[in-house]
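Heads up, the thing below is written out as structure tokens.
Residue numbers (the working numbering): 96 to 514.
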């Protein structure tokens, strides 16, 4: 049966080509996009990587953590021209093998999450070790190879800022889609957003944009979110003390992530780090994309009262060992959860939501107040508020938050939805 279908597909394609109906006219690359570099020697199985500049007025240089933990590294540093803290109007477009020859005609654009990149997220989950892939043993391939091997035309976007503004990044998601359409002469793509990547992907199709931004162009067929905080998350505030130990350098932390606190006591010393704040503080605003994902879940799942200073961490104030402004102040400073839900995903976009069900992320204090993937509640990842067409939902019971980009069951589910 499959052989007959393939033969019929080829015959139809040949006949359409003979009468000039095979493809729409090629779309032009937008004039505001400039390709600055093309790299053909690329690790982790990619075919090539291009760097683009969006010259639209409105993009700006975002602030980076002064300790360097947010700087570009690995081969991404090369692709960004050796600039450790790139301008946010620049982005990378990765192309997988078969990007222009795959049998599936609708291309796929992958959008990575916070403190991540297209290599670790989609092509080499073990690049940063066990912490990076969510498990002690990490595979050397990911969703990119899985889909490319099955005939999908796969692309991925890489952002300049690992924790950057989701509205600016949503504009670049639109840029990447415009480029793919021009390269392949196709009218639409399928869009996959993992974790924080859900925010920029959803903002694009919802036309939630800066005042200077472009609206949705009607060019997404399917939107798939992997562990996306569709109803937000409050993990850093609900588990603040444990969370901070992975961040605060005086306590041995080194992770590129924001803190719910402005001050913390480490080994008897009370120290200040306004640069780690969710809200603009002391001239710093290094984590705007994280602030945009916040929403309160204390009314549903409470707060982890085993944590030191749990009350003041969540609600704000001076605790015994810490102080901070609390989650509501951070939400008020610019969460996008409610605006995204209000803007809505158009009914023309078939939307699929995937959640992980195992709170087993290696190296962090896992979310334990309710069913979760270790970071995002299942109820948030599967929340359908504001989604016009919910085409499918799935829970991958055996996967945690960082396994959703390479877990075999998750990969199979994604491919099933794409097909």
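Each residue gets a CB set at the ideal place from its N, CA and C atoms; glycine is no exception. None of the values given here were measured: they were computed from a predicted structure.
Check, Outcome
"Nearest-angstrom Cα separation, counted from residue 360 out to residue 488", "43 angstroms"
"Per-residue DSSP class, three states only, for residue 133", "strand"
"Start and end residues, alpha helix (DSSP H) containing residue 434", "432–438"
"Coarse secondary structure for residue 145, derived from DSSP in three states", "strand"
"Among 390, 471, 342 and 422, nearest to residue 163 - alpha-carbon criterion", "342"
"Own chain, CB closer than 7 angstroms to residue 156, minus 5 neighbours either side, in chain order", "182 and 183"
"Simplified DSSP state of residue 151, which is helix, strand or coil", "coil"
"Neighbourhood of residue 292 by C-beta distance below 6 angstroms, restricted to the same chain and skipping five residues each side", "206, 207 and 208"
"Bridge partner(s) assigned by DSSP for residue 289", "321"
"Three CB pairs or more closer than 8 angstroms across the stretch 327–334 and the stretch 422–434", "yes"
"Proximity of residue 476 and residue 435 at Cβ, strictly below 8 angstroms", "no"
"Reduced DSSP category for residue 331 - H, G, I as helix; E, B as strand; rest coil", "helix"
"is_contact[residue 473, chain B] using C-beta, thresh 8 angstroms", "No chain B appears in the structure shown, which is made up of a single protein chain."
"Completely contained alpha helix (DSSP H) runs for the stretch 362–409, where each covers 4 or more residues", "383–386 and 393–396"
"Residue 415, buried or exposed, once every other Cβ within 10 Å from all chains shown has been counted against 16", "exposed"
"Cβ pair count under 8 angstroms reaching 3, the stretch 459–466 against the stretch 503–512", "no"
"Extent of the continuous alpha helix (DSSP H) run through residue 241", "238–243"
"Secondary structure of residue 182, DSSP reduced to three states", "coil"
"Own chain residues within Cβ distance below 7 angstroms of residue 112, not counting five before or after", "Residue placement at residue 112 is flagged as unreliable, the pLDDT there being 37, under the threshold of 50; the coordinate-derived value follows with that caveat. For residue 112, where only same-chain residues beyond five positions count, there are no Cβ hits under 7 angstroms."
"Close Cβ partners of residue 428 (< 8 angstroms) along its chain, the five nearest in sequence each way excluded", "373, 374, 375 and 386"
"Proximity below 8 angstroms, CB of residue 384 to CB of residue 269", "no"
"Alpha carbon of residue 147 to alpha carbon of residue 391, nearest angstrom", "37 angstroms"
"Option nearest residue 300 by Cα separation, candidates 354, 446, 496 and 473", "446"
"Span of the alpha helix (DSSP H) around residue 491", "First-last for residue 491: 482–491, but that is the beta strand (DSSP E), not the alpha helix (DSSP H)."
"Contact between the stretch 261–279 and the stretch 224–237 (3+ Cβ pairs under 8 angstroms)", "no"
"Per-residue burial, residue 117 [other beta carbons within 10 Å of its own, 16 or more giving buried]", "Reliability fails at residue 117, whose pLDDT of 42 lies under 50, so the model's placement of it is uncertain and the value that follows must be treated cautiously. Exposed."
"Own chain, CB closer than 6 angstroms to residue 492, minus 5 neighbours either side, in chain order", "452"
"Candidates 201, 266 and 294: closest to residue 248 by CA position", "201"
"Beta-carbon spacing of residue 490, residue 437 below 8 angstroms", "no"
"DSSP bridge partner residues for residue 284 (one or two, in chain order)", "315"
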